[in-house]
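Chemist:
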Amino acid sequence: MALIASCLMLFTAAEEKTTTIFIIGDSTAANKDISHDRKERGWGMALQCYFDDNIRVDNHAVNGRSSLSFFNEGRWDKVLEKMKPGDYVIIQFGHNDEKPKADRHTDPGSTFDYMLARYVRETREHGGIPVLMNSVVRRNFFVKAPDNDDDEKLRTTTYQDGAKMVEGDTLIDTHGLYRVAPRDVAQRMNVHFVDANRLTHDLEQGLGTEASKKLHMWFLPGEEPSVPAGRQDNTHYNVHGAQVVARLLADALCQEIPLLKRYRCDADITVDTQGRGDYLDLSQAVDHALQRPGSTTIQILGGQWDRPKLPKKAKISFVLRENASWK
Numbered sequence: 019m020a021l022i023a024s025c026l027m028l029f030t031a032a033e034e035k036t037t038t039i040f041i042i043g044d045s046t047a048a049n050k051d052i053s054h055d056r057k058e059r060g061w062g063m064a065l066q067c068y069f070d071d072n073i074r075v076d077n078h079a080v081n082g083r084s085s086l087s088f089f090n091e092g093r094w095d096k097v098l099e100k101m102k103p104g105d106y107v108i109i110q111f112g113h114n115d116e117k118p119k120a121d122r123h124t125d126p127g128s129t130f131d132y133m134l135a136r137y138v139r140e141t142r143e144h145g146g147i148p149v150l151m152n153s154v155v156r157r158n159f160f161v162k163a164p165d166n167d168d169d170e171k172l173r174t175t176t177y178q179d180g181a182k183m184v185e186g187d188t189l190i191d192t193h194g195l196y197r198v199a200p201r202d203v204a205q206r207m208n209v210h211f212v213d214a215n216r217l218t219h220d221l222e223q224g225l226g227t228e229a230s231k232k233l234h235m236w237f238l239p240g241e242e243p244s245v246p247a248g249r250q251d252n253t254h255y256n257v258h259g260a261q262v263v264a265r266l267l268a269d270a271l272c273q274e275i276p277l278l279k280r281y282r283c284d285a286d287i288t289v290d291t292q293g294r295g296d297y298l299d300l301s302q303a304v305d306h307a308l309q310r311p312g313s314t315t316i317q318i319l320g321g322q323w324d325r326p327k328l329p330k331k332a333k334i335s336f337v338l339r340e341n342a343s344w345k
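Sequential numbering of the sequence shown, starting at 19, is according to our numbering.
Below is the structure:
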């Protein structure tokens with residue numbers, strides 16, 4: 019009993035030393051259902067890949083939620099119950115605040131700002147450190163954005179259901195003042211702010227009309243087995259897109275909050291059975307690594323694994339995290 023008690027005390031002490039980054043937001047950040055090899059991911063799923071085990075990412079973002087509905091559903095209370103002094107809270111809403119449904123809609127300059135300010139104030143009251151982010155962009159190269167009263171409906175569409183309009187070369191904003199309000203609140207309340215909208219705008223514009231599709235759930239019929247009829251979803255990220263955006267936002271967080279730099283980490287490939295990495299399966303990750311030029315670092319998040327047998331000339335190293343181990 020004494021040994022068990024000692025182990026529990028050590029575990030509790032380790033938990034106390036670990037800083038948590040909470041995320042509250044919508045589907046662009048949310049954890050996703052990865053059953054049946056589904057490929058949709060939120061950037062918040064992947065953020066843990068870019069911070070070491072001294073940082074624990076606790077992602078509470080949920081599909082379809084606005085700053086208003088997230089609060090009214092009691093989801094914020096659950097974050098406050100877990101928060102301890104020194105933890106961070108990333109607050110990112112806007113995609114669904116824009117929508118007309120009364121249970122989600124807020125207005126920039128009034129109710130949207132009020133909800134953001136409330137999250138900031140209550141985070142501080144609990145000893146946490148708020149970080150405001152504005153919304154990531156939609157991949158909209160149309161001169162006039164297609165009618166979209168609910169991003170969540172995109173999951174039930176096929177490639178043929180997608181917009182038939184011709185795309186141009188310039189990414190067009192769809193958020194309007196909803197991308198401005200978080201910056202305004204941050205300035206008024208002296209809060210850390212990350213301009214996720216600008217960062218992802220520059221990313222997608224830099225990639226251009228065709229290459230930017232590779233970030234999203236944008237697949238031709240027959241291209242991706244999990245969506246055999248294809249899809250034209252310019253809002254939600256696939257595995258690759260979530261990793262790219264998470265890495266981008268991790269760097270931005272470290273620039274805004276230099277203290278986090280000491281915990282910043284990276285790897286060429288991440289394996290995680292929860293879907294936070296590039297691969298669920300280690301053998302697939304190794305196969306990919308063997309095809310890459312030069313050396314490759316594979317980090318593994320949690321679990322017990324059969325150590326792969328590598329060719330003699332393979333330049334692959336492994337980093338075991340979150341108590342991951344070899345069988």
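All C-beta atoms, glycine included, are put in the ideal place defined by N, C-alpha and C.
Because the structure is a prediction, the values reported are computed rather than measured.
Work out the CA separation of Ala199 and Gly112 for me, nearest whole Å.
Modeler: 9 Å
Chemist: Taking 8 Å as the threshold, find out whether the segment 75-87 comes into contact with the segment 38-48 through three or more Cβ pairs.
Modeler: yes
Chemist: In chain order, what residues of the same chain lie with their CB nearer than 6 Å to the CB of Asn147, ignoring the 5 residues before and after it?
Modeler: A quick correction: the sequence has Ile, not Asn, at residue 147. Closer than 6 Å at Cβ, skipping near neighbours: Tyr106.
Chemist: Among Asp55, Asp51 and Phe69, whose alpha-carbon lies nearest the alpha-carbon of Leu278?
Modeler: Phe69
Chemist: Taking the alpha-carbon positions, what's the Met183 to Ala229 distance?
Modeler: Their backbone Cα atoms lie some 18 Å apart in a straight line.
Chemist: May I ask you to verify whether the segment 168-177 touches the segment 196-214, counting CB pairs closer than 8 Å and requiring at least 3?
Modeler: no
Chemist: Please look up how many angstroms separate the CB atoms of Asn158 and Leu189, rounded, as I've assumed it's under 8 Å.
Modeler: Going by Cβ atoms, the distance from Asn158 to Leu189 rounds to 6 Å, so yes, they are a contact pair.
Chemist: Whether or not the segment 50-59 and the segment 288-301 are in contact is what I'm after, with contact meaning three or more pairs of Cβ atoms, one per stretch, closer than 8 Å; do they touch?
Modeler: yes
Chemist: In whole angstroms, give me the CA-to-CA distance for Ala48 and Arg83.
Modeler: 10 Å
Chemist: Excluding five sequence neighbours on each side, which residues of the same chain lie with their C-beta closer than 8 Å to the C-beta of Leu266?
Modeler: Leu217, Thr218 and Leu221
Chemist: For Val161, which residues from the same chain have a beta carbon less than 7 Å from its beta carbon, with the 5 sequence-adjacent residues on both sides left out?
Modeler: Here the set comprises Gly186 and Ile190.
Chemist: Between Leu150 and Val209, how many whole angstroms is the CB-CB distance? I'm expecting something under 8 Å.
Modeler: 5 Å
Chemist: Just how far apart, CA to CA, sit Pro103 and Asp305?
Modeler: 43 Å
Chemist: Name the DSSP bridge partner or partners of Thr37?
Modeler: Ile73
Chemist: Can you give the beta carbon distance from Leu233 to Val257, rounded, assuming they're within the 8 Å contact cut?
Modeler: About 10 Å separates the two Cβ atoms, so there is no contact after all.
Chemist: From the DSSP output, read off the bridge partner residues of Ser343.
Modeler: Under DSSP, Ser343 shares a beta bridge with Gln322.
Chemist: Taking only the alpha-carbon atoms, compute the straight-line gap between Lys333 and Thr288 and give it to the nearest angstrom.
Modeler: For Lys333 and Thr288, the distance between alpha carbons rounds to 16 Å.
Chemist: May I ask you to report which of helix, strand or coil DSSP gives Lys331?
Modeler: Of the three classes helix, strand and coil, the one that applies to Lys331 here is coil, per DSSP.
Chemist: Determine the closest residue to Asp324 out of Lys331, Phe336 and Phe88, with distance taken between C-alpha atoms.
Modeler: Per the Cα distances, Phe336.
Chemist: Would DSSP call Pro200 helix, strand or coil?
Modeler: helix
Chemist: Note down, in chain order, each residue of its chain lying with its Cβ closer than 7 Å to the Cβ of Ala23, except the 5 sequence neighbours on either side.
Modeler: Here Ala23 scores only 42 on pLDDT, less than 50, and its place in the model is too uncertain to base an answer on.
Chemist: Might you give, ordered along the chain, the residues of its own chain that have their beta carbon closer than 8 Å to the beta carbon of Thr30, omitting 5 neighbours on each side?
Modeler: Annotation note: pLDDT 43 at Thr30 (below 50); position unreliable, no value reported.
Chemist: Which of the three DSSP states, helix, strand or coil, is assigned to Gly146?
Modeler: coil
Chemist: Cα-Cα, which of Asp71, Trp61 and Gly224 is closest to Tyr281?
Modeler: For Tyr281, the nearest C-alpha among the options comes from Asp71.
Chemist: Any idea if Cys25 is buried or exposed, counting beta-carbon neighbours within 10 angstroms, 16 or more meaning buried?
Modeler: Reliability fails at Cys25, whose pLDDT of 39 lies under 50, so the model's placement of it is uncertain and the value that follows must be treated cautiously. Its Cβ having fewer than 16 others within 10 Å, Cys25 is exposed.
Chemist: Using CA atoms only, rank isn't needed, just tell me which of Tyr137, Cys272, Gln317 and Ser313 is closest to Gln294.
Modeler: Position check: residue 294 holds Arg in this sequence, whereas Gln was assumed. Per the Cα distances, Gln317.
Chemist: Of all the options Gln302, Ala342, Leu338 and Gly320, which has the alpha carbon lying nearest to the alpha carbon of Leu328?
Modeler: Gln302
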